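A.B. asks: Chains as they are written, first to last, in my numbering: chain L, 8 to 101; chain H, 11 to 327; chain W, 127 to 378.
Each residue gets a CB set at the ideal place from its N, CA and C atoms; glycine is no exception.
Note that this is a predicted model, so its numbers are computed, not measured.
Starting off with a structure, shown below.
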Amino acid sequence: MKKDWPLWEVFIRSKNGLSHKHVGSLHAADAQMAIENARDVYTRRGEGISIWVVESRHITASSPDQIEAFFDPANDKVYRHPTFYKLPDEVDHI
Amino acid sequence: MSRERMEEYFQATIDADQKIEPKDWMPDAYRKTLIRQISQHAHSEIVGMLPEGNWITRAPNLRRKAALLAKVQDEAGHGLYLYSACETLGVEREELLDQLHSGQAKYSSIFNYPTLTWADIGAIGWLVDGAAIMNQVPLCRCSYGPYARAMVRICKEESFHQRQGYEIMLTLCRGSDEQKAMAQDALNRWWWPALMMFGPNDKESTHSEQSMKWRIKRISNDELRQRFVDMTVPQADFLGIQVPDPDMKWNESTGHYDFGPINWDEFWNVVKGNGPCNRERLKARVQAHEEGSWVREAAMAYAEKRKQRAEERARVA
Amino acid sequence: MVPSTRLYDYLLRLGDNALILGQRLGEWCGHGPVLEQDIALTNIALDLIGQARLWLEYAAQTAGKGQTEDDLAFLRDAGAFRNALLVEQPNGDFAHTIIRQFLFDAWNFALHEDLCNSGDLQIRAIAEKSLKEIAYHRKYSSEWTIRLGDGTEESRSRMQTALEDLWTYAGELWNPDDLDREMAEAGISPHLERLQPAVEKYIRDILTEATLEIPAGTWMQSGGKQGRHSEHLGYILAEMQFLQRAYPGLEW
Chain L
8 MKKDWPLWEV
18 FIRSKNGLSH
28 KHVGSLHAAD
38 AQMAIENARD
48 VYTRRGEGIS
58 IWVVESRHIT
68 ASSPDQIEAF
78 FDPANDKVYR
88 HPTFYKLPDE
98 VDHI
Chain H
11 MSRERMEEYF
21 QATIDADQKI
31 EPKDWMPDAY
41 RKTLIRQISQ
51 HAHSEIVGML
61 PEGNWITRAP
71 NLRRKAALLA
81 KVQDEAGHGL
91 YLYSACETLG
101 VEREELLDQL
111 HSGQAKYSSI
121 FNYPTLTWAD
131 IGAIGWLVDG
141 AAIMNQVPLC
151 RCSYGPYARA
161 MVRICKEESF
171 HQRQGYEIML
181 TLCRGSDEQK
191 AMAQDALNRW
201 WWPALMMFGP
211 NDKESTHSEQ
221 SMKWRIKRIS
231 NDELRQRFVD
241 MTVPQADFLG
251 IQVPDPDMKW
261 NESTGHYDFG
271 PINWDEFWNV
281 VKGNGPCNRE
291 RLKARVQAHE
301 EGSWVREAAM
311 AYAEKRKQRA
321 EERARVA
Chain W
127 MVPSTRLYDY
137 LLRLGDNALI
147 LGQRLGEWCG
157 HGPVLEQDIA
167 LTNIALDLIG
177 QARLWLEYAA
187 QTAGKGQTED
197 DLAFLRDAGA
207 FRNALLVEQP
217 NGDFAHTIIR
227 QFLFDAWNFA
237 LHEDLCNSGD
247 LQIRAIAEKS
257 LKEIAYHRKY
267 SSEWTIRLGD
277 GTEESRSRMQ
287 TALEDLWTYA
297 GELWNPDDLD
307 REMAEAGISP
317 HLERLQPAVE
327 KYIRDILTEA
337 TLEIPAGTWM
347 QSGGKQGRHS
357 EHLGYILAEM
367 QFLQRAYPGL
377 EW
């Protein structure tokens, strides 16, 4: 049997109103232990109020090889941004 | 893309001060250099727990005990962040630990010196953490994203370490004659090893040039060492104790302190395993790992059993 | 109103338990079975040292002799310590550390739950703060008890051995003596015999899940609470108090 505990990615919500944010990883034998280890490792200075953990191998990531095909096409769609639309100065709050 | 193009693109990314992330293409040598450096750094944190850990049970009051516990625990945390950063490069922690335990991997030589008195805990915080911070702050801008992010976290947490060390020194230096002598003795023993922490002189340093180009390293060994000296000597003056270097003096024309030659023989000897505590430090790490092996195995076995039981329950239901 | 010397003695029990167990856990720092657990054990040690400081500070105040938490921690000899025998037992392997922690936490949690209703406001305040920490300790040590008990053959056998070694010290926690009764009568602390059934049930449930068996022997050691300790405490203090003893009366 493999002795090394699996790797988990840790996400922490620092306070209500904010999203969980990736803070790092750690090893744990199971999910419960991963949560507790994350509490002990990553919230020693009161950094969080909620923790997510996910085993690293369950994360599917986009490939950096396709970075251009994936993300460049979004760069020239300026009409998705509010500044694309010109309104007269007299019109407020829009 | 041809290999050449990829290397060009890679270097251009770095030159533009952008980060390299785990899945990005990188030259093998870059990956290898990072693995070596980050794992050495992680090992240093873990081995570094031992000399200070020595004094947790003997801390002179409860406030100091709590602070020291928290500090040594931080080092475990920092080791962990760094092992994690290293794992993003495709090497598992277990493998890195094997390299440490077999003596193949190095760690910072300073931790092969003994902590003989309580003042050593002050001196380590003040000098060793001071030197480490000096080394680490530029690493927060290192080109490899996970390493840089780990360093940001580490530097933030470490800011209390140096202060707690200096506070210990200050208390001793304002205390009895015996305490002041203790502080002076600790400075005598830790000063030179602390200067050695910045590594060989620039002209002797084998990895430096390439690492600078890759922005893994951003400031040269000698420059960092000089900054450290310039920062630390006035702090020693304030304590009223003397740096053990007869050549140390302020140089008006350069605006820096001049200091005497470093004993590189001693440095290389300690690196090669002949420091006062090399064997016992490594032995302590190996022992902890071996004695923990049944715990790690049992936790995996239990996790496996629980998973199977859940699956069985799901089948029955 | 209880005499302040009696309250002082009782506070020492609370403070010394936390202090000595915290000291023991501090020995693990840098030597844990895996980095994550090194950090976890140190967190518990830090909680306990923090609790010890609060109890001992209050004890020193109660004594009214101008002493500090540190005077009490560093200048009393073994016979003046009032911790239970369980917490001074050596770390042994990780199994011994976990069983010691588990037995202590199971009782300590129940105790602090009740201390939150103490008639003594200062005790109530300290207990409220500590209870949150102890709740986590109990969760941690319970889970590890189950995990290692129901893990591999080796881990089960190590845990069973640890339980055999340490069970005899558990009773002291919940068997009341005169001081415990006096405090309970005064509404300062709970009646220990009333805590016992729930504590024992909790312990039995976890041990059953861990596939561990409570040892057949029912003889329980006692004496720590009254200052009669095992040989271990002398060594703990020799180490812990070394600087204060070698250089009396200095600031550190």
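1. For chain L, check one thing: does any of its Cβ atoms lie closer than 9 Å to the Cβ of Leu151(W)?
2. I need the DSSP call for Leu33(L), collapsed to helix, strand or coil.
3. Using CA atoms only, rank isn't needed, just tell me which of Leu305(W), Glu259(W) and Glu335(W) is closest to Gln352(W).
4. Hey, Arg273(W) and Ala36(L): beta-carbon distance below 9 Å or not?
5. How far does the beta strand (DSSP E) with Arg20(L) in it reach, from first residue to last?
6. Does the distance from the C-beta atom of Ala38(L) to that of Trp12(L) stay below 9 Å?
7. Should Ile165(W) be flagged as near chain L, meaning a C-beta pair shorter than 9 Å?
8. Under the rule that 16 or more other beta-carbon atoms within 10 Å means buried, what is Arg282(W), buried or exposed?
9. Secondary structure at Trp59(L), three-state DSSP: helix, strand or coil?
10. When you compare the CB of Arg179(W) with every CB in chain H, is at least one pair closer than 9 Å?
11. In chain L, what lies closer than 8 Å to Glu269(W) by C-beta?
12. How far does the alpha helix (DSSP H) with Lys317(H) in it reach, from first residue to last?
13. Reducing DSSP to helix, strand and coil, say where Tyr92(L) ends up.
14. State the DSSP-derived secondary structure class of Lys227(H), mapped to helix, strand or coil.
15. In its own chain, which residues sit with a C-beta less than 6 Å from the C-beta of Asn288(H), not counting the 5 before and 5 after it?
16. Please list, in chain order, the chain L residues whose beta carbon lies closer than 8 Å to that of Ala246(H).
17. In terms of DSSP beta bridges, what is Arg217(W) paired with?
18. Return the bridge partner residues of Asn261(H) from the DSSP annotation.
19. In chain W, what lies closer than 9 Å to Trp274(H) by C-beta?
20. From which residue to which residue does the alpha helix (DSSP H) around Asp38(H) run?
21. Which of the three DSSP states, helix, strand or coil, is assigned to Lys116(H)?
22. Run the CB neighbour count on Phe77(L), radius 10 Å, all protein chains shown included, and call it buried at 16 or more, exposed below.
23. Once you ignore the five residues that flank Ala196(H) on each side, which residues in its own chain have a CB closer than 6 Å to its CB?
24. Taking DSSP as the reference, what is the three-state secondary structure of Tyr154(H)?
25. Using only alpha-carbon positions, find the residue among Gly176(W), Leu147(W), Ile225(W) and Pro302(W) that is nearest to Leu72(H).
26. Just to confirm, is the Cβ distance from Glu168(H) to Ala142(H) under 9 Å?
27. Please tell me whether Ala324(W) has its Cβ less than 9 Å away from any Cβ of chain H.
28. Which residues of the stretch 46-57 of chain L have a Cβ closer than 8 Å to any Cβ of chain H? Give them in chain order.
29. Could you have a look at Ile251(H) and say whether DSSP puts it in helix, strand or coil?
30. Taking only beta carbons into account, state which residues of the stretch 59-75 of chain H come closer than 7 Å to chain W, listed in chain order.
31. Where does the unbroken alpha helix (DSSP H) through Pro323(W) begin, and where does it stop?
32. Taking C-beta to C-beta, are Gly218(W) and Ala288(W) nearer than 9 Å?
33. Which residues in the same chain as Gly313(W) place their Cβ atom closer than 6 Å to its Cβ, once the five residues preceding and following it in sequence are excluded?
34. Taking its Cβ as the centre, do 16 or more other Cβ atoms sit within 10 Å of Arg83(W), making it buried, or is it exposed?
35. Closest Cβ-Cβ distance between Lys190(H) and chain W: below 9 Å?
36. Starting from Met40(L), follow the alpha helix (DSSP H) in both directions and report where the run begins and ends.
C.D. replies: Let me spell this out:
1. Stepping through the third sequence from its first residue, residue 151(W) is reached at position 25. No, no contact with chain L.
2. Sequence index remark: in the first sequence, residue 33(L) carries index 26 (1-based). DSSP places Leu33(L) in strand when its eight states are reduced to three.
3. Locating residue 352(W) in the third sequence gives position 226, where the first residue counts as 1. Gln352(W) has its Cα closest to that of Leu305(W), out of Leu305(W), Glu259(W) and Glu335(W).
4. Here the question's residue 273(W) lines up with position 147 in the third sequence. Here the question's residue 36(L) lines up with position 29 in the first sequence. Closer than 9 Å, so yes.
5. Translated into positions along the first sequence, residue 20(L) becomes position 13. Residues Leu14 to Arg20.
6. The sequence position of residue 38(L) within the first sequence is 31, counting from 1. The sequence position of residue 12(L) within the first sequence is 5, counting from 1. No. Outside cutoff.
7. If you number the third sequence from 1, residue 165(W) lands on position 39. Taking Cβ atoms only, chain L reaches closer than 9 Å to Ile165(W), which makes this a yes.
8. To locate residue 282(W), count along the third sequence from 1; it is residue 156. It is buried - the Cβ of Arg282(W) has at least 16 other Cβ atoms within 10 Å.
9. Within the first sequence, residue 59(L) is the residue found at index 52, counting from 1. Here Trp59(L) sits in strand by DSSP.
10. Counting from one through the third sequence, the residue named residue 179(W) turns up at place 53. Yes - at least one Cβ of chain H is within 9 Å of the one on Arg179(W).
11. As a first step, residue 269(W) is located in the third sequence; it is residue number 143 there, counting from the start. Ordered by position in chain L, the residues that pass the 8 Å Cβ test against Glu269(W) are Gln39, Met40 and Glu43.
12. On the second sequence, residue 317(H) is found 307 positions in, with the first residue counted as 1. Taken as a continuous stretch (DSSP letters only), the alpha helix (DSSP H) holding Lys317(H) covers Ser303 to Val326.
13. For the purposes of this step, residue 92(L) is taken as the residue at position 85 of the first sequence. Tyr92(L): coil per DSSP, three-state reduction.
14. For the purposes of this step, residue 227(H) is identified with residue 217 of the second sequence, where counting begins at 1. Looking at Lys227(H) - three-state DSSP - the assignment turns out to be coil, as it is neither helix nor strand.
15. Taking the second sequence and counting its residues from 1, one reaches residue 288(H) at position 278. The answer, listed in chain order, is Asn122.
16. Indexing the second sequence from 1 puts residue 246(H) at position 236. None at all; the shortest Cβ gap to chain L is about 30 Å.
17. Numbered from its first residue, the third sequence carries residue 217(W) at position 91. In the sequence as displayed, the identity of residue 217(W) is Asn instead of Arg. Beta-bridge pairing links Asn217(W) to no other residue.
18. The count along the second sequence starts at 1 and reaches residue 261(H) at position 251. BP columns for Asn261(H) point to His266(H).
19. Within the second sequence, the letter at position 264 stands for residue 274(H). Those within 9 Å of Trp274(H) in chain W number zero; the least Cβ separation is about 29 Å.
20. Residue numbering aside, residue 38(H) sits at position 28 when the second sequence is read from its first letter. Taken as a continuous stretch (DSSP letters only), the alpha helix (DSSP H) holding Asp38(H) covers Asp38 to Val57.
21. Within the second sequence, residue 116(H) is the residue found at index 106, counting from 1. The answer is coil: DSSP assigns Lys116(H) none of H, G, I, E or B.
22. If you number the first sequence from 1, residue 77(L) lands on position 70. Exposed, because fewer than 16 other Cβ atoms sit within 10 Å of the Cβ of Phe77(L).
23. If you number the second sequence from 1, residue 196(H) lands on position 186. Here the set comprises Ala129, Asp130 and Ala133.
24. As a working note, residue 154(H) is residue 144 in the second sequence. The answer is strand: DSSP assigns Tyr154(H) an E or B state.
25. In the second sequence, counting from the first residue as 1, residue 72(H) sits at position 62. For Leu72(H), the nearest C-alpha among the options comes from Gly176(W).
26. The residue you call residue 168(H) lines up with position 158 of the second sequence. The residue you call residue 142(H) lines up with position 132 of the second sequence. Yes, the Cβ-Cβ distance between Glu168(H) and Ala142(H) is below 9 Å.
27. Taking the first residue of the third sequence as 1, we reach residue 324(W) at position 198. No, because no Cβ of chain H sits closer than 9 Å to the Cβ of Ala324(W).
28. Val48, Arg51 and Arg52
29. Start at 1 with the first residue of the second sequence, and residue 251(H) comes out as number 241. Correct three-state label for Ile251(H): coil.
30. Met59, Leu60, Gly63, Ile66, Thr67, Arg68, Pro70, Asn71, Leu72, Arg74 and Lys75
31. The residue given as residue 323(W) occupies position 197 in the third sequence. From DSSP, the alpha helix (DSSP H) with Pro323(W) extends over Leu318 to Glu335.
32. Translated into positions along the third sequence, residue 218(W) becomes position 92. Translated into positions along the third sequence, residue 288(W) becomes position 162. Yes.
33. Taking the first residue of the third sequence as position 1, residue 313(W) is located at position 187. So the list reads Gly245, once near-sequence residues are dropped.
34. There is simply no residue 83(W) to check, as chain W begins at 127 and stops at 378 in what is shown.
35. For the purposes of this step, residue 190(H) is taken as residue 180 along the second sequence, with counting starting at 1. With 9 Å as the cut-off, Lys190(H) does not count as an interface residue toward chain W.
36. To locate residue 40(L), count along the first sequence from 1; it is residue 33. Where Met40(L) is concerned, the enclosing alpha helix (DSSP H) stretches over Ala38 to Tyr49.
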